[in-house]
Amino acid sequence: MPANTIDDILTQLQNIIAQSILTNNRAGYFAALYYKVTASVKEGIAKGQFENGPQMEKFDVLFATRYLDAFAAWKNKQPLTASWLVAFEATESSSYLVLQQLLLGMNAHINLDLGIAAVEVSGGQLDGARNDFDSINTIISSLTYQVLNDIDRVSPLLSLLGLHADNQTSVLIQFSIDNARDGAWCFAEELAAKKGADYTTCIAQRDQTIKNLAGGLTQNKGMIRFTIWLIHLFEWKKPSRIIKVMHEAVKKKIVVSR
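Numbering (numbering that gives the first Met the number 0), first residue to last: 0 to 257.
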């Protein structure tokens, strides 16, 4: 069913999480992270932390729907963006770290979907969407570092990569977060100037670029490759257990700066 409210989004995410636990599907990792993001947006709207709460809800629903539609297309073997396809295909492999699975989802959703959602919700008038755009990006970034703490239990050697909530120097983390902050808004500005076939072409070109960037998360070399192998060796292997830890962890308060 189409989602019209944040509560609709939360319900659909909960369904994906529950089904992923039942089927040991690694797609539940990103759904659990995204549930936290959406719950934080809902909380922020309720507390008046956004300049325009109704507009923020519309933005969040449009943004989340792109992920939900991509997930449904993948499950039903229908066409979807290349960025999401590479992320979902990775969930079928046991060779990637939980962190890599999460960042592949973030790569597709922030670096491609966020800019599209900003253009759609604003009708191409981006000046009115910038604050909402920055707020959602801030929430996702903040929760990413929180999730690193959540997965310490399931990936006890993760600290070998220097991945701590107060350490933003990791190659893997910086890859996704910095690209989102530096590139997603530029993409939105470029897309807003396009019409008709040019609009579609612009999205398709960006999609291929983000798909290629995903390779930086999975095609590691040298010491990083060895370190990831070692971390993976001691990481929990049962997806259902991992999803439960990620979903049931107590969410820290996220303060959204205007």
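Backbone N, C-alpha and C fix where the C-beta goes; we use that ideal spot for every residue, glycine too.
Judging by CA-CA distance, which residue of the options is the nearest neighbour of residue i?
i	options	result
Ile223	Ala63, Ala196, Ser158 and Ala38	Ser158
Phe87	Val244, Tyr28, Glu50 and Phe186	Tyr28
Pro155	Lys220, Ile227 and Glu234	Glu234
Val40	Asp126, Lys243, Ile241 and Ser140	Ser140
Glu42	Ser134, Leu79 and Arg152	Ser134
Leu9	Asn23, Thr22, Leu21 and Ala31	Ala31
Thr37	Ile5, Lys193 and Asn75	Ile5
Gly52	Ala128, Ile16, Ile109 and Gly221	Ala128
Leu229	Ser94, Ile150 and Gly182	Ser94
Taking all protein chains shown into account, do 16 or more other C-beta atoms lie within 10 angstroms of the C-beta of residue i, making it buried, or fewer, making it exposed?
i	result
Asp197	exposed
Cys201	buried
Ala203	exposed
Lys74	exposed
Gln99	buried
Gln11	buried
Measure how close the beta-carbons of residue i and residue j come, nearest whole angstrom, since I'm counting them as under 8 Å.
i	j	result
Gln48	Asp131	In fact, because the Cβ distance is near 11 Å, the residues do not count as touching under 8 Å.
Val118	Lys57	That pair is no contact at about 13 Å.
Leu190	Gly114	6 Å
Ala26	Leu67	Rounded, the Cβ-Cβ distance is 12 Å, inconsistent with contact.
Ser92	Asp206	Actually they are not in contact, since the Cβ atoms of Ser92 and Asp206 sit about 21 Å apart, beyond 8 Å.
Thr217	Ala89	7 Å
Val153	Val85	Contact flag wrong, Cβ pair sits at about 23 Å.
Leu160	Ala116	About 31 Å; that fails the 8 Å criterion.
Tyr34	Gln18	Not a contact, Cβ separation roughly 13 Å.
Ile318	Ile242	Because the chain in this structure spans residues 0 to 257, residue 318 falls outside the shown range and cannot be described.
Does DSSP put residue i in a helix, in a strand, or in coil?
i	result
Gly47	coil
Ile150	coil
Gly123	coil
Asn130	helix
Glu234	coil
Met0	coil
Gln13	helix
Gln218	coil
Asn24	coil
Leu160	helix
Note to self: Going residue by residue through the region 68-110, where are the continuous alpha helix (DSSP H) segments of at least 4 residues, counting only ones entirely within it?
What the structure shows: 81-89 and 97-107
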